[in-house]
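A.B. asks: Residue numbers (this note's numbering), protein chains in the order written: chain X, 1 to 219; chain V, 1001 to 1219. A single structure is presented below for examination.
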DNA sequence: TAGGTGCGGATTGTATACAATGATGTCGCG
DNA sequence: CGCGACATCATTGTATACAATCCGCACCTA
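Listed below in structure tokens is the structure:
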């Protein structure tokens, strides 16, 4: 039996996670310059591990590093919304098809998260809500039993999270989202890939358009 | 008018490209340990930029870094073949659909590469052949006009290249591959997304099975 | 006043140096 | 003879230090 170790996370992983989280949640804003000295001081490390972390984030598409000019949080442009959702839909569709073939069942976890989400909505905890959303989709992806697919989707999700934090505000988050989640989980558990995919498509396009609406409204 | 600069590539980029290439072509074999001192000496840099390069490659899934134990070329397992091609097909299908919607025309470049490929086959230059293959598919992906999709596919291609170098030998590379390429390019140029996709699917499954055959034959 | 030129501070890039960690082999003990 | 503790070595992790580059500003010139 596997026993959870107290802190499997190394210091470097903690650093990169903290940096990533700061970008995903908009704490570091798109286009913002990331000064190595400042960040190193802020996280209590030297510039060496910090630079390594920035290189990783560069690979994940979260920052852009220009030679001798430093790192900048990759800017988000409206075109990204459509492009990202296009890729995401293709990947998540594949994930659902494979998961349905296996009759993977994530209904329990989904219901649990649904409950948490309700509380988060009441508390107005948007970040928590986004995390629950991502966790649900990550679990669905994992149900495909294809690690490469999971990794690819994870990369897309990083960007999606940035979109959400940048453009969605409290009030625009609709609780019906979780009805979709439950419906998809149920379809997958019954092996109904086509049904799950149809519902997913509606779900994603709605989510995408909500972001586009907010974006247009903001100017 | 744009004037091409002699070397837009910075030193760091050259380093990371060299490292990546060494892994993709199998020069550094799957599972092989990557000692920082040795690599730094080999590439004529110190360990600082080398470590940054390794972090990037870790993000690309080409190496695995264990804390205090160093980097290893990510091993390839048979399961990877099926998983990677599954993801690749989903992404490339999307790319073709979008490219066909735009009536993107890559026939000329394809024919040019076909010629080069013929010469490479005669010369037995497998690496050149693989590069031409990748370049063709990269151009097709770019024709989707979706940078995120291109990036996602690029990541898959890194792994595919590793599979090819690891499992394909001279003689198993079939020239008919380029007939498929031309047919797909033509279908896309005519806006026939469905036709292009159908041919692509055959093309990829054949390519995948050729790798699986070689893999089974070897071991 | 517009534009170019050179200086100075700010910031990044990388080498060197040392600390921390993990692997290896040897010795002693049961 | 097997196994475990310890010392030693190889290797990674990171801080410090300095060199290289870039950017902004003042100044000069036409």
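Note that beta-carbon positions come from the ideal geometry of N, C-alpha and C, so glycine has one too. Being a predicted model, the structure only gives us computed values, none of them experimental.
Against residue 1061 of chain V, what residues of chain X qualify as contacts under a CB-to-CB distance less than 7 Å, listed in chain order?
C.D. replies: 151
A.B. asks: For residue 212 of chain X, return the contacting residues in chain V, with the cut-off set at a CB-CB distance below 8 Å.
C.D. replies: Here the premise fails: no neighbours, minimum Cβ distance about 16 Å.
A.B. asks: Thinking C-beta only, is residue 1182 of chain V closer than 8 Å to residue 1110 of chain V?
C.D. replies: Going by C-beta atoms, residue 1110 of chain V is nearer than 8 Å to residue 1182 of chain V.
A.B. asks: For residue 2 of chain X, which residues in the same chain have their Cβ closer than 8 Å to its Cβ, ignoring the five residues on either side in sequence?
C.D. replies: Annotation note: pLDDT 32 at residue 2 of chain X (below 50); position unreliable, no value reported.
A.B. asks: Would you say residue 21 of chain X lies against chain V (beta-carbon separation less than 8 Å)?
C.D. replies: It does not; no Cβ of chain V falls within 8 Å.
A.B. asks: Where does residue 1045 of chain V fall in DSSP's three states?
C.D. replies: coil
A.B. asks: Could you tell me which uninterrupted beta strand (DSSP E) segments, each at least 3 residues in length, are contained entirely in the region 113-198 of chain X, listed from first to last along the chain?
C.D. replies: none
A.B. asks: Look at the alpha carbon of residue 1064 of chain V and the alpha carbon of residue 1074 of chain V, and state the distance between them as a whole number of angstroms.
C.D. replies: 5 Å
A.B. asks: Is there at least one Cβ from chain V nearer than 8 Å to residue 48 of chain X's Cβ?
C.D. replies: yes
A.B. asks: Measure from the C-beta of residue 1207 of chain V to each C-beta in chain X and report whether the shortest distance is under 8 Å.
C.D. replies: With 8 Å as the cut-off, residue 1207 of chain V does not count as an interface residue toward chain X.
A.B. asks: Just the C-alpha distance for residue 1068 of chain V and residue 1020 of chain V, rounded to the nearest angstrom, thanks.
C.D. replies: Rounded to the nearest angstrom, the gap between the Cα atoms of residue 1068 of chain V and residue 1020 of chain V is 22 Å.
A.B. asks: Should the region 1078-1087 of chain V be regarded as contacting the region 1204-1215 of chain V, the criterion being three or more beta carbon pairs within less than 8 Å?
C.D. replies: yes
A.B. asks: I need the DSSP call for residue 210 of chain X, collapsed to helix, strand or coil.
C.D. replies: helix
A.B. asks: How many Å lie between residue 43 of chain X and residue 27 of chain X at the Cα?
C.D. replies: 14 Å
A.B. asks: Could you please tell me which residues of the region 87-102 of chain X, in chain order, have their CB closer than 8 Å to any CB of chain V?
C.D. replies: 87, 90, 91, 93, 94, 98
A.B. asks: Can you check DSSP and say which residues form a bridge with residue 221 of chain X?
C.D. replies: Because chain X in this structure spans residues 1 to 219, residue 221 of chain X falls outside the shown range and cannot be described.
A.B. asks: In whole angstroms, give me the CA-to-CA distance for residue 1070 of chain V and residue 1149 of chain V.
C.D. replies: Within the model, the alpha-carbon separation for residue 1070 of chain V versus residue 1149 of chain V is close to 32 Å.
A.B. asks: Is residue 10 of chain X close to chain V, meaning its C-beta is less than 8 Å from at least one C-beta of that chain?
C.D. replies: yes
A.B. asks: If the cut-off is 8 Å on Cβ atoms, which residues from the region 142-169 of chain X count as contacting chain V, listed in chain order?
C.D. replies: 146, 147, 148, 149, 151, 152, 155, 156, 159
A.B. asks: Helix, strand or coil, according to DSSP, for residue 57 of chain X in the structure here?
C.D. replies: helix
A.B. asks: How is the alpha helix (DSSP H) around residue 12 of chain X delimited, first residue to last?
C.D. replies: 11-24
A.B. asks: What does residue 1051 of chain V reach in chain X if we use C-beta pairs closer than 7 Å?
C.D. replies: Chain X residues near residue 1051 of chain V: 52.
A.B. asks: Please report how far the alpha carbon of residue 197 of chain X lies from the alpha carbon of residue 1172 of chain V, in whole angstroms.
C.D. replies: Spanning the two alpha carbons is a distance of roughly 38 Å.
A.B. asks: Just verifying my parser: in three-state terms, what is the DSSP assignment at residue 1033 of chain V?
C.D. replies: strand
A.B. asks: Ignore the nearest five residues each way along the sequence and tell me which others in residue 1085 of chain V's own chain have a CB closer than 7 Å to its CB.
C.D. replies: 1204, 1208
A.B. asks: Kindly indicate if chain V contains any beta-carbon less than 8 Å away from that of residue 201 of chain X.
C.D. replies: no
A.B. asks: Should residue 1164 of chain V and residue 1130 of chain V be called a contact, given that it needs their Cβ atoms to be closer than 8 Å?
C.D. replies: yes
A.B. asks: Using the Cβ count rule (16 or more neighbours within 10 Å means buried), how would you classify residue 119 of chain X?
C.D. replies: exposed
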